[in-house]
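Numbering (our numbering), first residue to last: 693 to 762.
Idealized CB from N, CA, C, for every residue including glycine.
Only a predicted model underlies this, so the values are computations on that prediction, with no experimental measurement involved.
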């Protein structure tokens, strides 16, 4: 599926859109995944060719570092 098209359709349907970074952040908030597991997941994704925005990754790291869940 074309991701851009899928996001457009989801937005028109009122479906909340969340990418990889958002999913990892939510999983961390829910105490499903640890800080080290997030860092490992990002490394695996990047090594497999998945583009992860450096800006979003830094925002995620700042979030987990400042969280009480850390």
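Please report the straight-line C-alpha distance between residue i and residue j, rounded to a whole angstrom.
i, j, result
"residue 760", "residue 751", "16 Å"
"residue 748", "residue 732", "16 Å"
"residue 704", "residue 742", "26 Å"
"residue 700", "residue 757", "32 Å"
"residue 695", "residue 735", "22 Å"
"residue 745", "residue 739", "14 Å"
"residue 723", "residue 697", "32 Å"
"residue 755", "residue 721", "10 Å"
Exposed or buried, which one is residue i when buried takes at least 16 other CB atoms within 10 Å?
i, result
"residue 717", "buried"
"residue 707", "exposed"
"residue 730", "buried"
"residue 725", "buried"
Would you call the CB atoms of residue i and residue j closer than 8 Å?
i, j, result
"residue 713", "residue 702", "no"
Original post:
What are the complete beta strand (DSSP E) segments, minimum 3 residues, inside the stretch 714-756?
Top reply: none
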